[in-house]
Amino acid sequence: MDENQTSAPQPSSISIRVRALSPADAESYRVVRLRALHEQPPAFGSLPEDEPALSEIAARLAESDDRCFFGAFQNDQLIGIVRISRYSAANEKHRAYLGGLYVLPAFRRTGCGRSLVKQALSWATNAQTIRRVNLTVVTQQKAAIDLYRSLGFRIYGTEQETFSKAGRFYDEHLMTLELTSENHHNP
Ligand SMILES: CC(C)(COP(=O)(O)OP(=O)(O)OC[C@H]1O[C@@H](n2cnc3c(N)ncnc32)[C@H](O)[C@@H]1OP(=O)(O)O)[C@@H](O)C(=O)NCCC(=O)NCCS
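Using numbering that gives the first Met the number 0, you'd call the opening residue of the sequence shown number 0 and step up by one each time.
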């Protein structure tokens, strides 16, 4: 039996807490992130060997006005991650990029992914000057695309062959969400 079947808890037994990550979470973040980069079919083009060292990860998890990493926890176990960051150029700071959404397979379909994205959108809403959130998603990742769509994201383009893995090429949808007074994302 695969691990999804053996270890998937029943939805009723799940109690998830989502919070902003800090440098103290660097080690557990790295474990989940590396699982994400080995996802099959691939959900990310980034290579595991290009992941930064623990000290650099800790620095990235430090509090900032321009980015935030969120983690979903069951008890003390980190089971899902996402990050949101403002574009860095002075004339692009009204946009943010949502990336790295991942939930460990055993904990999927329990509302974890939705909670993570909603927290990230709430952060962007509270940042006030952010008007738009963009993301890219591999076209095969139907669960993620459905989740983003259900929160109001729309596909505005598809980039072909953005990365290759094991001899196959993967396309990515470009998705965007305008933050308006109608779709305020406060949890
Ligand atoms: C996408 C992902 C984060 C969703 O996490 P999750 O905790 O299972 O999501 P949730 O339980 O909160 O489900 C939220 C919504 O996502 C969609 N969804 C989740 N799993 C789905 C599936 N297997 N098939 C279709 N839609 C699905 C549904 O719209 C669902 O809403 P519903 O339960 O009301 O139908 C998870 O599947 C994952 O980690 N996938 C691999 C990584 C990935 O693709 N990341 C995106 C990178 S851009």
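A virtual CB, placed ideally from N, CA and C, is assigned to each residue, including glycine.
Closest by C-alpha distance to residue i, when choosing among the options
| i | options | result |
| --- | --- | --- |
| LYS117 | TYR169, LEU176, GLU62 | LEU176 |
| ARG130 | PHE168, ARG85, LEU100 | ARG85 |
| ARG32 | SER180, LEU77, GLU62 | LEU77 |
| MET174 | GLY166, SER54, LEU146 | LEU146 |
| ARG193 | LEU103, ARG66, GLN139, LEU20 | Outside the shown range of the chain, which is 0 to 186, sits residue 193, and nothing can be said about it. |
| ASP75 | LEU100, VAL17, SER180 | VAL17 |
| ALA19 | THR124, CYS67, ILE13, ALA165 | CYS67 |
Length of the line joining the Cα atoms of residue i and residue j
| i | j | result |
| --- | --- | --- |
| ASP49 | ILE56 | 12 angstroms |
| ILE15 | CYS111 | 7 angstroms |
| THR157 | TRP122 | 27 angstroms |
| ALA143 | VAL136 | 7 angstroms |
| MET0 | GLY98 | In this prediction, MET0 scores a pLDDT of 36, lower than 50, which makes its location untrustworthy; no coordinate-derived value is stated. |
| LEU134 | LEU60 | 20 angstroms |
| SER114 | VAL81 | 10 angstroms |
| GLU26 | LEU178 | 33 angstroms |
| GLU62 | TYR28 | 15 angstroms |
| LEU120 | PHE168 | 30 angstroms |
| GLU171 | TYR101 | 16 angstroms |
| LEU53 | ASP24 | 10 angstroms |
| PRO51 | GLU91 | 25 angstroms |
| THR138 | PHE69 | 24 angstroms |
| PRO47 | VAL30 | 11 angstroms |
| GLY151 | SER45 | 26 angstroms |
Residue i beta carbon near ligand 1 (any heavy atom closer than 6 angstroms)
| i | result |
| --- | --- |
| GLN139 | no |
| ASP145 | yes |
| ALA123 | no |
| ALA42 | yes |
| GLY112 | yes |
Residue i Cβ short of 6 angstroms to ligand 3 heavy atom set
| i | result |
| --- | --- |
| CYS67 | The model depicted lacks ligand 3 and carries ligand 1 instead. |
Given 8 angstroms, three or more beta-carbon pairs between the region 100 to 110 and the region 154 to 172: Touching, no.
Do the region 85 to 95 and the region 37 to 46 make contact, defined as three or more Cβ pairs closer than 8 angstroms? Segments in contact, no.
Of all the beta strand (DSSP E) runs that stay within the bounds of the region 55 to 102, which reach a length of 3 or more residues? Segments of the beta strand (DSSP E) lying fully in the region 55 to 102: 66 to 73, 76 to 85, 94 to 102.
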